[in-house]
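The listed protein sequences derive, respectively, from chains V and C.
Read in order, the letters of the first sequence are residues 1130 to 1250 in our numbering.
Read in order, the letters of the second sequence are residues 1130 to 1250 in our numbering.
A virtual CB, placed ideally from N, CA and C, is assigned to each residue, including glycine.
Heads up, the thing below is written out as structure tokens.
2 protein chains.
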Amino acid sequence: MPDQLSQTFSALADPTRRAMLAHLSKGEANVSDLAKPFLKDMSLPAITKHLKVLEKAGLVTKSREAQWRPCKINSEGLKDVADWMEQYRMFWEESFDRLEAYLKTVVAKEKKGRKNAKKTK
Amino acid sequence: MPDQLSQTFSALADPTRRAMLAHLSKGEANVSDLAKPFLKDMSLPAITKHLKVLEKAGLVTKSREAQWRPCKINSEGLKDVADWMEQYRMFWEESFDRLEAYLKTVVAKEKKGRKNAKKTK
DNA sequence: GGCATAATTAACCGATTAGTTAATTAACTA
DNA sequence: TAGTTAATTAACTAATCGGTTAATTATGCC
Chain V
1130 MPDQLSQTFS ALADPTRRAM LAHLSKGEAN VSDLAKPFLK DMSLPAITKH LKVLEKAGLV
1190 TKSREAQWRP CKINSEGLKD VADWMEQYRM FWEESFDRLE AYLKTVVAKE KKGRKNAKKT
1250 K
Chain C
1130 MPDQLSQTFS ALADPTRRAM LAHLSKGEAN VSDLAKPFLK DMSLPAITKH LKVLEKAGLV
1190 TKSREAQWRP CKINSEGLKD VADWMEQYRM FWEESFDRLE AYLKTVVAKE KKGRKNAKKT
1250 K
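Written as structure tokens, this is what we have:
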């Protein structure tokens, strides 16, 4: 699995990792904070591994502060997924209201000169 | 991997399967049509397996027509992913314009009485 | 019936994944 | 220095994944 997007989807294909991400969506947390809800079910090294998967997927960044490793959400990975999803919006966006609202933003963006131009493969 | 969302993410974590989905986003196709671009790289049974993964993930449906199996995109799986993504929109939506536009649709929806109320876990 | 086409199933294999326990690194604290 | 806390690394294992080849099913056509 060489490509980044596959790695990101793969990282999200696990309920433990998604729960860790949900935790981080509420703010920074150390490894042991993230681990706490799962220590009944799995060991700390398992958590370390999950975190590494999230890091490689571009979904989490980890820094150092004494013996702690504060982690936070990295929007890059999420952005990649969101960008990929766009090409399928017409399929999953069943509400006419919201699709219409979305199409307006597309028009608005075009008028402004395509700030976010980028190939999504 | 018991839960549906994990299965869906897992199905998307493969470039061959994403390419097949992209193909189907242009319209229905038989298994051999979907297979054609990949037959240099892998066998037909491999394609059958990939398709089965996409089906179980709720991303594709397959029907029967004589000896052919016309496949088409199933929006359910994509919808599940999109719904899950919503909780992270504030992270990946960096353009203020589009975030603002989105927030307007939220307000509009609230006024209408929350048509799309659903737990996404 | 006999053959070609479309697709699936079965059985197998090597690589990766998700977990384990035990040992180790690194920083603070008394 | 010795001990504690936070986290990682190493080595291993069972299960899953992505592919293979060979055989099988199912349909249409002469």
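Pairwise C-alpha distance: residue j and residue i
i, j, result
"C/Ala-1140", "V/Pro-1199", "31 Å"
"V/Ala-1148", "C/Ala-1164", "36 Å"
"V/Gln-1196", "C/Asp-1143", "37 Å"
"V/Lys-1181", "C/Asp-1209", "25 Å"
"V/Gly-1156", "C/Asn-1203", "35 Å"
"C/Met-1171", "C/Asp-1162", "14 Å"
"V/Leu-1207", "C/Gln-1216", "11 Å"
"C/Thr-1190", "C/Met-1214", "23 Å"
"C/Lys-1169", "V/Leu-1183", "33 Å"
"C/Asn-1159", "C/Leu-1188", "15 Å"
"V/Glu-1101", "C/Glu-1205", "In this structure chain V extends from 1130 to 1250, so residue 1101 of chain V is not present and cannot be described."
"V/Arg-1193", "V/Ser-1154", "19 Å"
CB contact flag (residue i, residue j, <8 Å)
i, j, result
"V/Gln-1179", "V/Arg-1218", "It is His, not Gln, that sits at residue 1179 of chain V in the sequence shown. Not a contact, by the Cβ cut-off of 8 Å."
"V/Trp-1221", "C/Ala-1151", "no"
Beta-carbon proximity list for residue i, same chain, < 7 Å, skipping 5 on both sides
i, result
"V/Leu-1173", "Ala-1164"
"C/Thr-1167", "What sits at residue 1167 of chain C in the sequence shown is Phe, not Thr. Excluding sequence neighbours, C/Phe-1167 sits near Thr-1145, Ile-1176."
"V/Gly-1242", "Per-residue confidence for V/Gly-1242 stands at a pLDDT of 44, beneath the threshold of 50, marking its modelled position as unreliable; the derived number appears in the next sentence. Correct list: empty, nothing qualifies."
"V/Leu-1134", "Asp-1209, Trp-1213"
For residue i, the three-state DSSP class (helix, strand or coil)
i, result
"V/Lys-1178", "helix"
"V/Lys-1165", "helix"
"V/Ala-1158", "strand"
"V/Asn-1245", "Low local confidence applies: a pLDDT of 40 at V/Asn-1245 is under 50, so the model's placement there is unreliable, and no value is given."
"C/Glu-1194", "strand"
Residue i Cβ short of 7 Å to the ligand HEM heavy atom set
i, result
"C/Ala-1140", "Annotation note on the ligand HEM: not contained in the displayed structure, which lists no ligands."
Close Cβ partners of residue i (< 6 Å) along its chain, the five nearest in sequence each way excluded
i, result
"V/Asp-1132", "none"
Close beta carbons around residue i, own chain, < 8 Å, minus the five adjacent residues each side
i, result
"C/Asn-1138", "Position check: residue 1138 of chain C holds Phe in this sequence, whereas Asn was assumed. Around C/Phe-1138: Val-1210."
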